[in-house]
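Asks: Structure below; questions to follow.
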Amino acid sequence: MNQPRGFVNVDQLQAQTTLEDAALKCGVTLNTTGSGSEVRIDCPFGCPGDHVSRKEISINTTNAEKVFCCHAYQCQFRGNMLALMHGWLNGRKPSDGKLRGAEFQRVRDVLSNQTQIASQSRVVATPTTTANADDAVAESDTASNVPLIDADNEAVRELANIDAKFVVEIATMNPAASAYIRRHPCLTPESMRKWRAGYFPHDGGGDKRGWSLRGHIVYPVCSEDGKVLAWVGRDPQFEQKQTEFDSIRPELRGGKPLPMKHKFPKGFHRGQELFGQQASRLKEPGYREAIARHGIVVVEGFNDVIGLDNLGVPAIAICSNRITEAQVAKITGWAEQLAGRKVTLLFDCEQTGDDGAKDALWLFAQRGLDVRLGWSQSMHGAAFKGRQPESLASSEWSNLVRSATER
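With the first letter of the sequence shown counted as 1, position 186 gets the number 218 in our numbering; the numbers rise by one all the way through.
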């Protein structure tokens, strides 16, 4: 049967085009890992996932459509090679989650060589999580963060002490923030003051410094010498927004972006840092003795570090459920210097946490460290399944978890 003039059989072209050739058509040189039926690449979609150069996208290269899945936390995007090409061309997902209309036509034209894209000789890098997907920046092995107080820009330097504007008393917070604090009892006024965290009021606290973080619970990521590198906002209404977003049928979302749990500032290389890494903690009573017993305790989130600290258990957070090579290297150095080469993993006791802990366990074991799990979904008789470290009571730590970590 004769096809109309100008007809392009996209399915056939997709089957005939290799992944590497498709990338080249988009002006991209791929950096892949793996071989055979599955390869992995960095996520090109600029989405709010915890990518950080982890090659989170797995692609079935034997499938005619080269179907893929992004395994990054907060992403989980699926599609075929056409969707990947859209990501390489535009740095984002299709507008409504599916490739159609003008977006589809552009990819079709590039695939069929009707539109030429100038080669940029670039390797696809993974964006860090930012306040806006369009502001994503590439993470590199040599990336470094400059303390706010040492920035060239005066406006940036003035952000170093915005915690003076934070509210830590529930009675003076708005309903959303106070509800969040009540759900996370580790965030007492005392602990928030200690960790320079708190609620950033909607009025901005009298001036416009840190304006984009209004209405958020804000945490500092500090350098090892205690200087603030970045302020990170947690949306106290994230869960409600996520539920509302999920209730909308995909075809009716109209390009509405996914709700974002955290706001990381543009240009901040999160994968290079750890929450709680400031060396001043070594001076706290019992700190060195605790890490001598348990090793370096590694958790996922800000509140986990604060909650364990309330129990007298020092921990550091990777601010994700996937650890980076840079974080592994930093923790390894501390484990060798301070903890007899011991590391304890205490990720969230759920599937994403177990998956992240498996990756971390492998990376630390390869470096010859004594690495153990504090818990998992099946350990301790599954008593902690669905829990997060911040929720641990002192008796739970002492009677169950500590026994798995001491050596």
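Think of the CB as a built atom: it goes at the ideal place given N, C-alpha and C, for glycine as much as any other residue.
Please tell me whether I350 has its Cβ less than 8 Å away from any Cβ of chain B.
Replies: Absent from the structure: chain B. Only one protein chain is present.
Asks: Report the three-state DSSP secondary structure of T93 (helix, strand or coil).
Replies: For the purposes of this step, residue 93 is taken as the residue at position 61 of the sequence shown. Three-state result, T93: coil.
Asks: In the structure shown, what three-state DSSP assignment does D391 receive?
Replies: Here the question's residue 391 lines up with position 359 in the sequence shown. Correct three-state label for D391: helix.
Asks: How would you label H234, buried or exposed, when you count the other beta carbons within 10 angstroms and need 16 or more for buried?
Replies: For the purposes of this step, residue 234 is identified with residue 202 of the sequence shown, where counting begins at 1. With fewer than 16 Cβ atoms within 10 Å of its Cβ, H234 is classed as exposed.
Asks: Do the CB positions of L219 and W263 come within less than 8 Å of each other?
Replies: For this step, residue 219 is matched to residue 187 along the sequence shown. For this step, residue 263 is matched to residue 231 along the sequence shown. No.
Asks: Is R124 near F77, with beta carbons less than 8 Å apart?
Replies: Within the sequence shown, the letter at position 92 stands for residue 124. Within the sequence shown, the letter at position 45 stands for residue 77. Closer than 8 Å, so yes.
Asks: Thinking C-alpha only, which one of I348, L432 and D386 is nearest E256?
Replies: On the sequence shown, residue 256 is found 224 positions in, with the first residue counted as 1. Closest option to E256, Cα to Cα, is I348.
Asks: Checking 8 Å against the spacing of the C-beta atoms, do C101 and S90 come in under that value?
Replies: Start at 1 with the first residue of the sequence shown, and residue 101 comes out as number 69. Start at 1 with the first residue of the sequence shown, and residue 90 comes out as number 58. Yes, these two residues count as a Cβ contact at 8 Å.
Asks: Give me the Cα-Cα distance between G247 and A209, rounded to the nearest whole angstrom.
Replies: In the sequence shown, the residue the question calls residue 247 occupies position 215. In the sequence shown, the residue the question calls residue 209 occupies position 177. Their Cα atoms are separated by approximately 8 Å.
Asks: For Q398, count the other beta carbons within 10 Å of its own beta carbon; 16 or more makes it buried, fewer makes it exposed. Which is it?
Replies: Position 366 of the sequence shown, counted from the start, is the residue given in the question as residue 398. Counting Cβ neighbours within 10 Å, Q398 comes out exposed, since fewer than 16 surround it.
Asks: Compare the beta carbon distance of V329 and T376 with 8 Å and say whether it is the shorter of the two.
Replies: To locate residue 329, count along the sequence shown from 1; it is residue 297. To locate residue 376, count along the sequence shown from 1; it is residue 344. Yes.
Asks: Is DSSP giving H294 helix, strand or coil here?
Replies: In the sequence shown, the residue the question calls residue 294 occupies position 262. Here H294 sits in strand by DSSP.
Asks: Helix, strand or coil for R215? Go by DSSP, reduced to three states.
Replies: To locate residue 215, count along the sequence shown from 1; it is residue 183. Residue state, collapsed to three classes: helix.
Asks: I'd like to know if the stretch 408–417 and the stretch 320–327 are in contact, where contact means that at least 3 CB-CB pairs between them fall below 8 Å.
Replies: They do not touch, by the three-pair rule.
Asks: Among V250, K293, K87 and E283, which one has its Cα closest to the Cα of F270?
Replies: Sequence index remark: in the sequence shown, residue 270 carries index 238 (1-based). Taking only the C-alpha atoms, the option nearest F270 is K293.
Asks: Indicate whether the contact test is met: 3 or more Cβ pairs, each with one atom in the stretch 358–371 and one in the stretch 304–322, closer than 8 Å.
Replies: The stretch 358–371 vs the stretch 304–322: in contact.
Asks: Quick test of your reading: R439 and K362, contact by CB under 8 Å. State the CB separation rounded to the nearest angstrom.
Replies: The residue given as residue 439 occupies position 407 in the sequence shown. The residue given as residue 362 occupies position 330 in the sequence shown. Rounded, the Cβ-Cβ distance is 22 Å, inconsistent with contact.
Asks: Contact defined as beta carbons within less than 8 Å: I believe Q310 pairs with C254. What is the distance between those atoms, to the nearest angstrom?
Replies: Working through the sequence shown from its first residue, we reach residue 310 at position 278. Working through the sequence shown from its first residue, we reach residue 254 at position 222. About 5 Å; that satisfies the 8 Å criterion.
Asks: Among residues of its own chain, excluding the 5 on either side of R419, which ones have a beta-carbon nearer than 7 Å to its beta-carbon?
Replies: Position 387 of the sequence shown, counted from the start, is the residue given in the question as residue 419. Hits under 7 Å: C381.
Asks: So the candidates are G68, K298 and A115; which of them puts its Cα closest to the Cα of V99?
Replies: Within the sequence shown, residue 99 is the residue found at index 67, counting from 1. Of the listed residues, the one whose Cα sits closest to V99 is A115.
Asks: Go through its chain and collect everything with a Cβ distance to A183's Cβ below 8 Å, but skip five positions before and after it.
Replies: Residue mapping note: residue 183 aligns to position 151 of the sequence shown, counting from 1. Correct list, in chain order: R189.
Asks: Since R241 and I194 should fall inside the 8 Å C-beta cutoff, what is the C-beta to C-beta distance between them, to a whole number of angstroms?
Replies: Taking the first residue of the sequence shown as position 1, residue 241 is located at position 209. Taking the first residue of the sequence shown as position 1, residue 194 is located at position 162. Right, their Cβ atoms sit about 5 Å apart.
Asks: According to DSSP, is T364 helix, strand or coil?
Replies: For the purposes of this step, residue 364 is taken as residue 332 along the sequence shown, with counting starting at 1. Reduced to three states, the DSSP call for T364 is helix.
Asks: State the start and end residues of the unbroken beta strand (DSSP E) segment that holds D53.
Replies: Reading the sequence shown from its first residue, position 21 is the one you call residue 53. First-last for D53: L51 to K57, but that is the alpha helix (DSSP H), not the beta strand (DSSP E).
Asks: Count the other CB atoms, across all protein chains shown, that sit within 10 Å of the CB of S352; report buried if there are 16 or more and exposed otherwise.
Replies: Translated into the one-based positions of the sequence shown, residue 352 becomes position 320. Under this definition S352 is a buried residue.
Asks: Just tell me which of G299, L284, Q274 and L306 has its CA closest to the CA of N258.
Replies: Counting from one through the sequence shown, the residue named residue 258 turns up at place 226. Reading off the sequence, residue 258 comes out as Gly, not Asn. For G258, the nearest C-alpha among the options comes from L306.
Asks: Tell me which residue opens and which closes the alpha helix (DSSP H) that K273 is part of.
Replies: As a first step, residue 273 must be located in the sequence shown, where it is residue number 241. Per DSSP, K273 belongs to the alpha helix (DSSP H) from F270 to D278.
Asks: Going by the beta-carbon positions, is the gap between V60 and R140 smaller than 8 Å?
Replies: Indexing the sequence shown from 1 puts residue 60 at position 28. Indexing the sequence shown from 1 puts residue 140 at position 108. No; because the gap between Cβ atoms is not below 8 Å, this pair is not in contact.
Asks: Among the residues of its own chain, which have a CB less than 7 Å from the CB of L395, if the five just before and after it don't count?
Replies: In the sequence shown, counting from the first residue as 1, residue 395 sits at position 363. Hits under 7 Å: I355 and V360.
Asks: Taking only the alpha-carbon atoms, compute the straight-line gap between N206 and G236 and give it to the nearest angstrom.
Replies: Here the question's residue 206 lines up with position 174 in the sequence shown. Here the question's residue 236 lines up with position 204 in the sequence shown. N206 and G236: Cα-Cα distance of roughly 13 Å.
Asks: Less than 8 Å between the beta carbons of P289 and A211, yes or no?
Replies: Taking the sequence shown and counting its residues from 1, the one referred to as residue 289 is at position 257. Taking the sequence shown and counting its residues from 1, the one referred to as residue 211 is at position 179. Cβ atoms of P289 and A211: not closer than 8 Å.
Asks: If we call anything under 8 Å between Cβ atoms a contact, is E283 one with D128?
Replies: As a position in the sequence shown, residue 283 is number 251, starting the count at 1. As a position in the sequence shown, residue 128 is number 96, starting the count at 1. Yes, the pair counts as a contact, with Cβ atoms nearer than the cut-off.
Asks: Return the chain-ordered list of same chain residues with a C-beta closer than 6 Å to the C-beta of S151, the five sequence neighbours on each side being excluded.
Replies: Position 119 of the sequence shown holds residue 151. Unreliable positioning characterises S151 in this predicted model, as indicated by a pLDDT of 44, which lies under 50. A coordinate reading is not provided.
Asks: Does the beta-carbon distance from L340 to P252 come in below 8 Å?
Replies: Looking up residue 340 in the sequence shown gives position 308. Looking up residue 252 in the sequence shown gives position 220. Not in contact: L340 and P252 (Cβ atoms no closer than 8 Å).
Asks: Since I believe G385 is in contact with E332 (beta carbons under 8 Å), could you give me their beta-carbon distance rounded to a whole number of angstroms?
Replies: Here residue 332 refers to the residue found at position 300 of the sequence shown. Here residue 385 refers to the residue found at position 353 of the sequence shown. The pair is a contact, with the Cβ atoms about 7 Å apart (cut-off 8 Å).
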